[in-house]
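**Q** Sending over a structure as structure tokens; questions will come in a sec.
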Amino acid sequence: MQIRLLVGAVTMLMMPVAGTAQSIAGSDPHPAVHLYAAEEYGIDPTAVTFTKDVAPILQRSCQECHRVDGGAPMPLTTFQEVRPWARSIKQRTAIRDRMGAMPPFYVEKDLGILEFKDDPSLSDEELATIQAWVDNGAPQGDPADMPPPLVFAKSDEWTIGEPDLVLRSREMVVPAIGPDRWGDIGLVPTGLTEDRYVKAVEVREFNDISDDAASGTVGGRYVFHHMTYSSGVLNEEGTGIVGDTRTRWPIHEVGRNADIFPEKFGTLLQANSALHLGASHIHSNGIQETTAHLEFGFIFHPKGYEPEYGNRAPVRLGNGTDIDVIPGRSGQEFHAFSVLEQHTKIVAFEPHLHAPGTRMCLEAIWGANHFTLSCVGYDHNWVRQYVYEDDAAPLLPKGTIMHVIGFLDTTAANENVADNRNWAGGGRRSVANMFIDLGYSVELTEEQFQTEMAERRAAMTSRNDYDVGCPLCWAPVLPEESTTTDGGAQP
Ligand code: HEC
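Each residue of the sequence shown is one higher than the last, beginning at 0 in numbering that gives the first Met the number 0.
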């Protein structure tokens, strides 16, 4: 499996402080820590050591960031590096799915779909191991037990591998101190003479900020805060994109990982097309005048590849404008609904709130049934996308009502909020608000929908197996000639 390295995987604006035990309300940014007794997992707490038990956990879930050049504040590779952080590691990992949690992957594990791609989160048993180790004085153990060190791609390499096509944005000169700049930074012709389907895309910023620039923060290392872009066929004059040929690409944000699309639906870059860098947000780094550009690396499917499924069909759920955030209040909720007009497979969930955001849930309503697909914590220091495993992704019939819920806290408990005395409405800056699911989906034909459901059913071993994201999986299979899914009975 390809490891996705989150190079500088951070949108770190402030340092959240580890939570203290409090009641868990829907919006509480600082819930109780989750503690587990080692004995319940058959672990002898006094026998847990760094080299044998803890180092493998850190390798899998932490070192992609916590290593030299990894983007996190300190490396966690050797015992000497890790030991001073033992208590802090116990605390941050035990927060589990709320602001400040490590690793920053906030899926709540007690409801909804739990199978995600590249999930670095820790199991109850791993938490019990770390907790027993720390409580027992964080011993090193036998150096011979230490697993061999991991080898990582250098931070100046593409994490998707060598791209087939690299496109460059124009160079932007950004003053050391200045207002944020939004807007269109133009077209980048692809130069393609034939249609090609893209398997993976990665966006990287190149700039002239030196490594030893006087800031340890990610905000000091980059100026492109984000870039929303699309592509399509160039018009005859080469001055714009022909309207109905447009494809939207996943957003680029500082620290966001590369996108590797599911095998069945490559995304099209047409012959004679261009990228349209339609909405950039550029932020002065406060250190030096900076010259920067973005590079877009594309890996293609082989020539002749035809996607089984159509293009990405974003179910953009939420409300970007009509937002009313009350100062100094916890437990605020936003709700938005939309109806699926086609059978839909949801590929990824990407909660997007701003500083007051603490949690987002995605639900599907089908007939009298109300499914929670996912609830995840939210920390605006981090931009995370949650990609479902192919065989667990929500498989929803047309007519399903999608419901997304955002939870907000503007009390002093939420340290991401710069000034909690102010009312705030919708807007692009972090001090204004948003409420959207930036995740994406694919529309399925009736036949594709039935095929996917049949695969799910085949994997279910008894009638007690239940697929949370698939309300019709147990519905009686309809005879060939009747293909309507309306009114399918519930199990
Ligand atoms: C995707 C990158 C990433 C991963 C994975 C990750 N961290 Fe972090 N970690 C960070 C960043 C960035 C910070 C500083 C910002 C913050 O606190 O959110 C941080 C902060 C911390 C801190 C607090 C440091 C301080 O100054 O108090 C601890 C402890 C920590 N991480 C431990 C871990 C452990 C243990 C794991 C794995 C179980 C892990 N991290 C996984 C990026 C990561």
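Even for Gly, the Cβ is constructed at its ideal location relative to N, Cα and C.
#1: Return yes when the C-beta of His65 is under 7 Å from any heavy atom of the ligand HEC, and no when it is not.
#2: When the Cα atoms are used, what is the spatial distance from Val253 to His224?
#3: What do you reckon, is the C-beta of Trp248 under 7 Å from a heavy atom of the ligand HEC?
#4: CB Thr244 to CB Tyr196, shorter than 8 Å?
#5: Does the Cβ-Cβ distance between Ala392 and Lys344 come in under 8 Å?
#6: Pull the bridge partners of Lys344 from the DSSP assignment, please.
#7: Spell out a yes or no on whether the stretch 401-408 and the stretch 276-292 are touching, meaning 3 or more CB-CB pairs, one atom from each, closer than 8 Å.
#8: Is it the case that the Cβ atoms of Phe297 and Val200 are separated by a distance below 8 Å?
#9: I need the straight-line Cα distance from Ser22 to Ser329, nearest angstrom please.
#10: Report the three-state DSSP secondary structure of Ile94 (helix, strand or coil).
#11: With H, G and I counted as helix, E and B as strand and the rest as coil, what does DSSP make of Gly487?
#12: My assumption, with CB atoms under 8 Å, is that Ala291 sits in contact with Tyr439. Please give the rounded CB distance.
#13: Going by other Cβ atoms of all chains shown within 10 Å of its Cβ, with 16 needed for buried, is Val67 buried or exposed?
#14: Give the straight-line distance between the Cα atoms of Ala20 and Ala85, rounded to the nearest whole angstrom.
#15: Can you look up Thr371 in the DSSP assignment and give me helix, strand or coil?
#16: Would a C-beta distance cut-off of 8 Å place Pro514 and Glu288 closer than the cut-off?
#17: Per the contact definition of three or more C-beta pairs closer than 8 Å, is the stretch 417-426 in contact with the stretch 319-335?
#18: Assuming Asp123 is part of the alpha helix (DSSP H), what are its boundary residues?
#19: Is His351 closer than 8 Å to Ser429 when the C-beta atoms are compared?
#20: Apart from the five residues just before and just after Pro478, which ones in its own chain have a Cβ nearer than 7 Å to its Cβ?
#21: Given this structure, state the Cα-to-Cα distance separating Thr371 from Asp109, to the nearest angstrom.
#22: Do Phe260 and Tyr308 have their CB atoms nearer than 8 Å?
#23: How would you label Lys537, buried or exposed, when you count the other beta carbons within 10 angstroms and need 16 or more for buried?
#24: State the start and end residues of the unbroken alpha helix (DSSP H) segment that holds Val47.
#25: Decide if Arg255 is buried, meaning its Cβ has at least 16 other Cβ atoms within 10 Å, or exposed.
#26: Just to confirm the assignment: which complete alpha helix (DSSP H) runs, minimum length 4, are found wholly within the stretch 156-217?
#27: Does the distance between the C-beta of Asn380 and the nearest non-hydrogen atom of the ligand HEC fall short of 7 Å?
#28: In the structure shown, what three-state DSSP assignment does Pro72 receive?
#29: Are the CB atoms of Leu339 and Asp436 nearer to each other than 8 Å?
#30: Residues in the same chain with beta-carbon distance under 6 Å from Asp183, minus the five sequence neighbours each way, listed in chain order, please.
#31: Who are Leu113's beta bridge partners in DSSP?
#32: Measuring only from the beta carbon, is Trp84 closer than 7 Å to any heavy atom that is part of the ligand HEC?
#33: Can you tell me whether Gln58 is helix, strand or coil according to DSSP?
#34: Given the structure, does Leu316 come close to the ligand HEC, in the sense that its CB is under 7 Å from one of the ligand's heavy atoms?
#35: Counting C-beta neighbours from all protein chains within 10 Å, is the total for Ser272 16 or more, i.e. buried, or is it exposed?
#36: Is it right to say Tyr304 is buried, meaning 16 or more other beta carbons lie within 10 angstroms of its own, or is it exposed?
**A** On the basis of the data shown:
#1: Here residue 65 refers to the residue found at position 66 of the sequence shown. Flag set: Cβ of His65 near the ligand HEC.
#2: As a first step, residue 253 is located in the sequence shown; it is residue number 254 there, counting from the start. As a first step, residue 224 is located in the sequence shown; it is residue number 225 there, counting from the start. C-alpha separation (whole angstroms): 6 Å.
#3: Taking the first residue of the sequence shown as position 1, residue 248 is located at position 249. Result no, Cβ not under 7 Å from the ligand HEC.
#4: As a position in the sequence shown, residue 244 is number 245, starting the count at 1. As a position in the sequence shown, residue 196 is number 197, starting the count at 1. In this structure, Tyr196 does not lie closer than 8 Å to Thr244 by Cβ.
#5: As a first step, residue 392 must be located in the sequence shown, where it is residue number 393. As a first step, residue 344 must be located in the sequence shown, where it is residue number 345. Cβ distance < 8 Å, so Ala392 and Lys344 count as in contact.
#6: Locating residue 344 in the sequence shown gives position 345, where the first residue counts as 1. Lys344 pairs with Leu394, Val441.
#7: no
#8: Taking the sequence shown and counting its residues from 1, the one referred to as residue 297 is at position 298. Taking the sequence shown and counting its residues from 1, the one referred to as residue 200 is at position 201. Yes, these two residues count as a Cβ contact at 8 Å.
#9: The residue given as residue 22 occupies position 23 in the sequence shown. The residue given as residue 329 occupies position 330 in the sequence shown. For Ser22, the pLDDT reaches just 31, beneath the cut-off of 50, and the residue's location in the model is therefore unreliable, although a value from the coordinates is still provided. Roughly 13 Å separates the two Cα atoms.
#10: Start at 1 with the first residue of the sequence shown, and residue 94 comes out as number 95. The answer is helix: DSSP assigns Ile94 an H, G or I state.
#11: As a working note, residue 487 is residue 488 in the sequence shown. For Gly487, the predicted model reports a pLDDT of 44, less than 50, meaning its position is unreliable; a value from the coordinates is still stated below. Three-state DSSP puts Gly487 in coil, outside helix and strand.
#12: By one-based count along the sequence shown, residue 291 stands at place 292. By one-based count along the sequence shown, residue 439 stands at place 440. With a Cβ gap of about 27 Å, Ala291 and Tyr439 do not count as contacting.
#13: Looking up residue 67 in the sequence shown gives position 68. Per the 10 Å Cβ criterion, exposed.
#14: The residue labelled residue 20 in the question sits at position 21 within the sequence shown. The residue labelled residue 85 in the question sits at position 86 within the sequence shown. Because Ala20 sits at a pLDDT of 29, beneath the cut-off of 50, its placement in the model cannot be relied upon, and the following sentence gives the value as read from the coordinates. Distance between the alpha carbons of Ala20 and Ala85 is about 19 Å.
#15: One-based indexing of the sequence shown puts residue 371 at position 372. DSSP places Thr371 in strand when its eight states are reduced to three.
#16: Not covered by the structure: residue 514. The range shown for the chain is 0 to 490.
#17: yes
#18: Numbered from its first residue, the sequence shown carries residue 123 at position 124. Element bounds for Asp123: 123-134.
#19: To locate residue 429, count along the sequence shown from 1; it is residue 430. To locate residue 351, count along the sequence shown from 1; it is residue 352. Contact: no.
#20: Numbered from its first residue, the sequence shown carries residue 478 at position 479. So no residue of the chain qualifies.
#21: Position 372 of the sequence shown, counted from the first residue, corresponds to residue 371. Position 110 of the sequence shown, counted from the first residue, corresponds to residue 109. Approximately 11 Å between the Cα atoms of the pair.
#22: Residue numbering aside, residue 260 sits at position 261 when the sequence shown is read from its first letter. Residue numbering aside, residue 308 sits at position 309 when the sequence shown is read from its first letter. Against a cut-off of 8 Å, the Cβ pair of Tyr308 and Phe260 comes out as no contact.
#23: No answer is possible for residue 537: it lies beyond the span of the chain, which begins at 0 and ends at 490.
#24: Reading the sequence shown from its first residue, position 48 is the one you call residue 47. Neither: Val47 is in no alpha helix (DSSP H) and is coded neither H nor E.
#25: Reading the sequence shown from its first residue, position 256 is the one you call residue 255. Flag for Arg255 reads buried.
#26: none
#27: In the sequence shown, counting from the first residue as 1, residue 380 sits at position 381. Within the cutoff, so yes.
#28: Locating residue 72 in the sequence shown gives position 73, counting from the first residue. Residue state, collapsed to three classes: coil.
#29: By 1-based counting over the sequence shown, the position of residue 339 is 340. By 1-based counting over the sequence shown, the position of residue 436 is 437. No, Cβ-Cβ distance for Leu339 and Asp436 is not below 8 Å.
#30: Position 184 of the sequence shown, counted from the first residue, corresponds to residue 183. Once the five neighbours on either side are set aside, the close Cβ partners of Asp183 are Gly277.
#31: By 1-based counting over the sequence shown, the position of residue 113 is 114. In DSSP, Leu113 forms no bridge with anything.
#32: Along the sequence shown, one-based indexing puts residue 84 at 85. Trp84 Cβ: within cutoff of the ligand HEC.
#33: Start at 1 with the first residue of the sequence shown, and residue 58 comes out as number 59. In this structure, Gln58 counts as helix in the three-state DSSP scheme.
#34: Locating residue 316 in the sequence shown gives position 317, counting from the first residue. Outside the cutoff, so no.
#35: Here residue 272 refers to the residue found at position 273 of the sequence shown. Classification for Ser272: buried.
#36: Position 305 of the sequence shown, counted from the first residue, corresponds to residue 304. It is exposed - the Cβ of Tyr304 has fewer than 16 other Cβ atoms within 10 Å.
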